[in-house]
Amino acid sequence: MKISRDLTDWTLTPTGGPVPADLAGVPVPATVPGTSHTALVEQGLIPDPYLGTNETALAWMKRTTWRYATVLDEPPAGPDERVDLLFEGIDTVATVLVDTDVERAGVGQGRVELGRTRNMHRSYRYDVRELVGTPTNLVVDLDSALEAAEAEAERLGTRPMAYDQPFNMVRKMACSFGWDWGPDLQTAGLWKPVRVQRWRVARLARVTPLVTVSDDGTGLVDVRVEVETSGLSDAGPLTLDVSVGGRGLTLGTFDGDSSHRTIELTGQVEVPDVDLWWPAGYGDQPLYPIEATLYAGNGEDRSEPLDNWSGRVAFRTVGVDRTPDEHGTRFTFVINGKPVFARGANWIPDDHLLTRITRERLEQRVDQALGANLNLLRVWGGGIYETDDFYDVCDEKGVMVWQDVLLACAAYPEEDPHWAEFEAEVRENAVRLAPHPSLVLWNGGNENIWGHEDWGWKEPLGDLTWGAGYYYELFPKILAEVDPTRPYADGSPYSPGFAPEEMHPNDPDHGTHHQWAVWNQVDYTHYRDDVPRFPSEFGFQGPATWATMRRAILPQEDSPGFKESEVFLLHQKAADGNGKLDRGLAPHLDVPDDFADWHWATQLNQARAIQYALEHYRSWWPRTAGAIVWQLNDCWPVTSWAAVDGDGRRKPLWYAMRHAFADRIVTVQPRGADLVAALVNDTDEPWTGQVEAARTTLGGEVLATSDAAAAAVTVAPRSVALVPLTGDLAAVTDPAREVLVVTLGEARGIHRWAESKDLALDPAPVRTTVTAEDGGYRVDVTATSLALGVTLLADRLDPDAQVDEQVVDLPAGTTAVFHVTSSGLDQEALASRPVLRAENDLVRTAG
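Using the working numbering, you'd call the opening residue of the sequence shown number 73 and step up by one each time.
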């Protein structure tokens with residue numbers, strides 16, 4: 073059987089570049105997986121790069137070269153034994169060496185170069201059979217990825233990109249060079265395990281299970297296997313067994329002979345009457361074990377297993393309906409034959425220092441996605457192909473995964489070695505991810521086709537390649553060969569079935585759409601200007617939670633002008649980000665001077681903007697077939713578009729997403745000149761009941777009600793019903809003092825005819841009681857007048873406090889109950905500013 077041993081204990085030495093004198097040439101202990109940053113932080117030699125202005129202080133690391141070294145102490149290889157050195161991930165531009173006194177044919181004595189790498193998104197395997205037997209030094213010399221990229225840009229010609237550094241010239245995580253929400257650290261290291269693998273005769277080089285379901289409910293698993301033979305002995309007959317959920321198949325006996333070669337085998341396992349895998353909210357997620365075992369010999373003469381591979385699969389069908397209709401071109405996920413509204417968020421690496429991401433952390437984040445009623449995460453093209461832990465968790469919990477190929481916001485060269493690197497990278501990761509039922513789409517990249525059409529690239533590019541060959545030729549070709557069971561999209565955004573010169577790639581009526589005029593140029597009310605078929609990116613910024621800011625960047629909470637300080641702006645990466653926050657707030661609320669009020673107001677406005685967009689999009693199902701918010705998570709403490717900040721705390725946006733993505737919602741929407749109640753039922757059961765609608769004063773006096781007899785409704789499963797709100801209901805006489813409230817069962821929608829700053833809001837609209845309960849506190853908040861956005865910012869009192877509900881709009885006379893998980897809190901502080909907040913207390917002139 074193949075034996076693997078991880079090499080975890082290394083030393084790290086800075087070998088060149090602008091290294092501080094006290095670190096130059098000094099080896100320090102380093103754990104692998106790890107990077108230069110994690111090693112130096114762990115040894116206390118550099119400060120935490122996320123705190124204060126440390127990111128700037130550590131800029132020297134971007135142009136530093138490094139050496140990882142360990143002792144390779146392996147017994148000599150047996151006569152028929154291969155010994156391989158496997159690097160699962162090297163970040164990024166490296167030379168791998170072994171120092172040895174053993175002669176190697178054609179090389180001689182001393183230093184043996186095993187290989188050179190330029191791609192952190194793939195693995196590397198080296199045959200070291202002739203180099204083991206005595207202790208030797210294994211060395212990985214890492215060059216500056218930035219300088220390598222600059223040299224490549226000089227060689228091939230600069231290509232346009234969204235940022236100043238040539239991240240498009242090296243196969244490294246693009247956001248490692250900084251983004252408008254992420255730090256510019258440019259890690260270097262061995263970011264995935266390094267293993268010695270010893271094997272005899274043959275090994276399983278690749279196992280690719282491709283799953284479909286027949287019309288009669290039989291699960292079909294097409295298994296494609298590549299077997300590598302060692303070439304060191306006569307392999308003789310080899311046998312491969314495959315089992316899925318207890319159903320077995322022998323893929324025949326085949327002759328391994330004595331050559332070093334790769335043998336490809338295929339077979340199909342049938343599993344009758346399978347239970348289908350469904351996205352969250354549509355059904356269960358049964359997973360079936362799959363195992364492939366390779367033996368020497370056949371029949372009764374089989375040896376002990378030579379190699380084994382195991383995983384899990386699930387049975388489901390997936391497609392994307394991209395047929396034209398009267399509105400343009402659809403983009404609708406279809407799972408097991410059922411159209412699915414994608415309630416999504418974009419996903420970035422959960423920590424810029426990737427090796428600190430654990431399965432526990434990924435599970436927490438995916439649980440937060442589910443808690444916000446999401447059923448899809450889009451793995452964005454400027455990050456990484458996530459670890460198997462991420463996809464395993466999504467498999468188990470029913471979260472669909474949209475997977476970008478890793479290109480983002482740039483023109484990419486197609487000359488070698490870039491073309492060859494992309495081919496190797498995509499093939500390897502398509503095989504690795506094939507077993508995961510959560511993966512429902514491969515996407516060619518992020519905003520590159522759009523950028524080529526709209527961002528002024530064509531003139532500076534001239535005749536230079538920019539990536540078209542990848543999106544339209546290489547990627548679909550590879551995926552059709554390796555994994556034809558999943559749909560592929562050319563890019564996001566794109567207009568299916570059209571060349572970019574025929575239809576703009578960001579046309580909202582065709583395929584996927586990115587809406588960034590909102591946030592960058594116009595108010596969030598302009599989300600309603602379009603009815604996009606599938607908005608796959610849109611978002612609005614807000615600062616991190618108070619406790620996260622306090623830990624990382626907030627030395628004096630009440631200092632004048634703090635939001636324009638160096639430390640705050642270092643954690644606000646968007647161009648004119650604070651200006652956009654203020655301009656986005658101004659149409660709705662006066663921009664506060666006090667920092668604590670500004671922090672609350674901009675967090676609230678972020679939540680309002682996205683809830684406004686989501687309710688609009690959901691009201692147009694099935695014309696609009698999904699919505700993917702930018703973004704779920706952060707990779708460090710920062711002001712950003714995330715719903716969950718860099719310390720894992722839920723911002724008000726998270727709660728707004730949970731409300732807007734609920735299975736059933738009531739939202740008041742315009743249709744032409746009139747108002748309607750859009751009743752969204754994204755469940756498998758009919759939603760029946762009485763629609764109650766009332767126009768009232770802010771204090772709760774009823775001015776007009778709906779006709780009860782006409783308001784009985786049944787909303788069919790997975791559908792939207794529209795109920796007109798006309799006549800006296802909509803005949804507002806005093807926009808500053810009236811509100812429209814519509815309910816169906818427990819769901820409630822509120823419509824205002826004026827912006828908050830123009831409403832006659834009571835600045836103290838609630839009565840509050842706090843009582844202790846097991847694990848924390850119960851806070852009952854009752855509105856004496858319309859109370860908007862009621863929120864408990866309990867992390868101001870306890871960084872570990874959790875609150876089950878936030879951003880609640882309360883008509884006069886209604887009550888919300890908040891449960892706070894914490895202990896030892898000041899109950900009076902919990903029920904007052906700046907912990908208990910509402911939109912009302914931000915209005916300067918109420919009445």
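Backbone N, C-alpha and C define an ideal beta-carbon position, used for all residues, glycine too.
By the CB criterion at 8 Å, Gly583 and Tyr566 fall inside the cutoff. Gly649 sits in a helix when the DSSP states are folded into three classes.
Residue range Asn520 to Asp526 is occupied by the alpha helix (DSSP H) that includes Asp526. Taking C-alpha positions only, Ala102 is separated from Asp461 by approximately 23 Å.
Under the DSSP definition of a beta bridge, Asn418 partners with Arg450.
Looking at the DSSP output, Trp514 shares a beta bridge with Gln475 and Tyr560.
Sixteen is the threshold: since fewer than 16 other Cβ atoms of the shown chains lie within 10 Å of the Cβ of Ser286, the residue is exposed. The shortest CA-to-CA distance from Glu224 to any of Tyr198, Val165, Thr206 and Pro207 is the one to Val165. DSSP places Asn705 outside both helix and strand once states are collapsed to three, so it counts as coil. According to the DSSP assignment, Trp251 belongs to the beta strand (DSSP E) that extends over Phe249 to Trp251. For Gly541, the closest alpha carbon among the candidates Gly291, Gly563, His891 and Asp555 is that of Gly563. Distance between Asp535 and Asp476, taken at the CA atoms: about 26 Å. Secondary structure note for Lys410: its beta strand (DSSP E) is the uninterrupted segment Lys410 to Val412. With 16 or more neighbouring CB atoms inside 10 Å of its own CB, Gln741 falls in the buried class. Residue range Asp81 to Gly88 is occupied by the beta strand (DSSP E) that includes Pro86, with no alpha helix (DSSP H) assigned at that position.
A distance below 7 Å between beta-carbons, with the five flanking residues on each side excluded, links Lys635 to the following residues of its chain, in chain order: Asn650, Phe667 and Trp670. With a threshold of 16 other beta carbon atoms within 10 Å, Val392 meets it and is buried. Beta-carbon to beta-carbon, Trp693 and Val792 are separated by about 5 Å, close enough to satisfy the 8 Å threshold. Note: Met245 is not bridge-paired with any residue in the DSSP secondary-structure output. Relative to the Cα of Ala732, the nearest Cα in the group Asn592, Thr107 and Ser691 belongs to Ser691.
Here DSSP, grouped into helix, strand and coil, assigns Glu900 to helix. DSSP lists no bridge partner for Phe640. The alpha-carbon of Val293 is positioned some 51 Å away from that of Leu653.
Around the Cβ of Glu545, a 10 Å sphere holds fewer than 16 other Cβ atoms; the residue is exposed. Only exposed fits Gln115, as fewer than 16 other CB atoms lie within 10 angstroms of its CB. Look at the beta carbons and you see the region 888-898 not touching the region 803-817: under three pairs across the two are nearer than 8 Å. With a 10 Å radius around the Cβ and a threshold of 16 neighbouring Cβ atoms, Met73 comes out exposed.
Shown here, Leu304 sits in coil according to DSSP, grouped into three states, outside any helix or strand. In the DSSP assignment, Tyr360 falls within the beta strand (DSSP E) that extends over Tyr360 to Ala368. Assignment of Met133 by DSSP, reduced to helix, strand and coil, places it in the helix class. The C-alpha of Leu775 is placed about 17 Å away from the C-alpha of Val763. Assignment of His671 by DSSP, reduced to helix, strand and coil, places it in the helix class. Pro532 places its beta carbon less than 8 Å from that of Pro232. By the 16-neighbour rule on beta-carbons within 10 angstroms, Pro207 is exposed. For Pro580 and Arg296, the gap between their C-alpha atoms comes out near 39 Å. In the structure shown, Thr206 adopts coil according to DSSP, grouped into three states.
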